[in-house]
Ligand SMILES: Cc1cc2nc3c(=O)[nH]c(=O)nc-3n(C[C@H](O)[C@H](O)[C@H](O)COP(=O)(O)OP(=O)(O)OC[C@H]3O[C@@H](n4cnc5c(N)ncnc54)[C@H](O)[C@@H]3O)c2cc1C
């Protein structure tokens, strides 16, 4: 099942390796803004802070971009999982409208940023196809499009008879297309963003874990593996990798492993028949599978949650392969060249959050839809950290919930995955 040169690292790292190690001690030990985490959130915040003239340092525990930002599926959506009606019920009309607008703004922001900065990362507005897992799901799709749930998105229905133009599988009962959704090469985007942050004047340090944060003289003293750093303000950009140095955030973010495989290169005629478009593909199950062609159109990248407990990529790889073959039986003999995992940051209300506590700013909880949203929220939290009023978001205005006895270890994950699996089998 595995190719001879199989790797347990992301396929994306072939084009944009992340091994860079910044050498030596920290040249600057007193800064205006220290940012913890070098993913899209941290680097976007750094661009804002450095461009506003603040001395800025980004501190990363591992190699730069080690987290989800170079491991994801590269699918860009409008990120918010609820419609206006549900959000209005929860937060009232004004905040609900703000959240919906910011979902759309996040998708537009990342497109504009990539164009303005000239980042070569295969950004493409290819749209997304959502496959209906059961006839009932298809009916729900039809009625929600008819009811205008996806306002201004241009979403449209694809009946089962028209499926071959979208996807070469008989597993779905039709589906729907979101034409404005986009995709990119996540690690090339990260590499370009890192260049922009550095060019703006931010210092970025790899292998420099922050091991403690103390308040001191109206600012902060950070302990790091490369020595202490004094910072007037701190931006926490650790999402699914949030740890014990910030227990308040750790109690609110649920780290969940997501898994992806890349296939070996496929014959052109085969991949064109199975995936005639460059769209992102998801389906309507609770345990969602997400997949697409690689930017060079030679491979399929297939992701999802396939295990109750967190699993080794050598174990998750064959399970993903099985799901892929269930959809596309012609891939039964196709080998896996890469299998990897990364941590998604979920939240108890399935929404992202931003805020601050007297100089400690945070943006996190993208619930698996963070390529556009973490870029946008990183930009906004960077603005907040430099007192730019444009930084305020609707997500600052909603409570960031936790649950009693939860301290960062999602013990409830295995039973939830099991329940979702059973639910998906019913087709309800
Ligand atoms: C497998 C997978 C597939 C995904 N697919 C998609 C997709 O197709 N579309 C989409 O929109 N979203 C997707 N996502 C989600 C998206 O990748 C994330 O939401 C986004 O990358 C989050 O960026 P971030 O900068 O907030 O966090 P990350 O990129 O995770 O960065 C956090 C960083 O903080 C560092 N860190 C943690 N603690 C410390 C410390 N104490 N000191 C220093 N550094 C620290 C970590 O090492 C890490 O590098 C996916 C995620 C995964 C894992």
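In the numbering used here, the protein residues as written are 45 to 472. Every residue, glycine too, gets a C-beta built ideally from N, C-alpha and C.
Query raised in the report: Can you tell me the Cα-Cα spacing of residue 358 and residue 113, whole angstroms?
Result: 21 Å
**Report entry** Host beta strand (DSSP E) of residue 467 (start-end)
**Finding:** First-last for residue 467: 457 to 470, but that is the alpha helix (DSSP H), not the beta strand (DSSP E).
Query raised in the report: What do you reckon, is the C-beta of residue 444 under 8 Å from a heavy atom of ligand 1?
Result: no
Query raised in the report: From residue 194 to residue 334, what does the alpha carbon distance come to, in whole angstroms?
Result: 20 Å
Query raised in the report: Apart from the five residues on each side of it in sequence, which residues of its chain come closer than 8 Å, Cβ to Cβ, to residue 28?
Result: For the chain, the structure presents residues 45 to 472; residue 28 sits outside this window and is missing.
Query raised in the report: Contact between the segment 232 to 242 and the segment 143 to 163: three or more CB pairs below 8 Å?
Result: yes
Query raised in the report: Would residue 338 be called buried (16 or more neighbouring beta carbons within 10 Å of its own) or exposed?
Result: buried
**Report entry** Own chain residues within Cβ distance below 7 Å of residue 353, not counting five before or after
**Finding:** 458
Query - CB contact below 9 Å: residue 299 versus chain B - result: The chain labelled as chain B is not found in the depicted structure, where only one protein chain is given.
Query raised in the report: Which term fits residue 290, buried or exposed, when burial requires 16 or more other beta carbons within 10 angstroms of its beta carbon?
Result: buried
Query raised in the report: Span of the beta strand (DSSP E) holding residue 30?
Result: For residue 30 there is no data in the structure shown, the boundaries of the chain being 45 and 472.
Report task. Decide if the segment 103 to 120 is in contact with the segment 410 to 424; the criterion is three or more beta carbon pairs, one per stretch, under 8 Å apart. Result -> yes
Requested in this report: Go through its chain and collect everything with a Cβ distance to residue 23's Cβ below 8 Å, but skip five positions before and after it.
Outcome: Summary: the structure shown does not reach residue 23, with the chain confined to residues 45 through 472, and so no result is reported for it.
Query raised in the report: Using 8 Å as the threshold, is the segment 302 to 312 in touch with the segment 356 to 370, meaning 3 or more CB pairs across them?
Result: yes
**Report entry** Short Cβ contact (9 Å threshold) for residue 86 with residue 102
**Finding:** yes
Requested in this report: In the DSSP assignment, find the beta strand (DSSP E) that holds residue 77 and state where it starts and stops.
Outcome: 74 to 80
Query raised in the report: At a cut-off of 8 Å, is residue 447 close to ligand 1 when judged by its beta-carbon and the heavy atoms of the ligand?
Result: no
Query raised in the report: For residue 99 versus residue 77, is the C-beta spacing smaller than 9 Å?
Result: yes
Query - 8 Å contact criterion, which residue 70 and residue 270 should meet: CB distance rounded - result: 5 Å
Query raised in the report: Is residue 408 near ligand 1, in the sense that its beta carbon is under 8 Å from a heavy atom of that ligand?
Result: yes
**Report entry** Proximal residues to residue 461 (C-beta, below 6 Å), its chain only, five neighbours per side dropped
**Finding:** 352
**Report entry** residue 374, DSSP secondary structure in three states
**Finding:** helix
Query - Enclosing beta strand (DSSP E) for residue 382 [first to last residue] - result: 380 to 390
Query - CA-to-CA distance, residue 168 to residue 175, given in whole angstroms - result: 21 Å
**Report entry** Under 9 Å between C-beta atoms of residue 280 and residue 293
**Finding:** yes
Report task. Assign residue 327 to one of two classes, buried (16 or more other C-beta atoms within 10 Å of its C-beta) or exposed (fewer than that). Result -> buried
Query - Beta-bridge pairing of residue 168 - partner residues as DSSP gives them - result: 227
**Report entry** Exposed unless 16 or more other CB atoms sit within 10 angstroms - verdict on residue 40
**Finding:** The shown model of the chain, from 45 to 472, leaves out residue 40, and the question about it has no answer.
Report task. Please confirm whether any heavy atom of ligand 1 lies closer than 8 Å to the CB of residue 489. Result -> Because the chain spans 45 through 472 in this model, residue 489 falls outside it and cannot be assessed.
Query raised in the report: Alpha carbon to alpha carbon, what distance is there between residue 143 and residue 439?
Result: 7 Å
Query raised in the report: Where residue 247 and residue 428 are concerned, what is the direct C-alpha to C-alpha distance, given to the nearest angstrom?
Result: 19 Å
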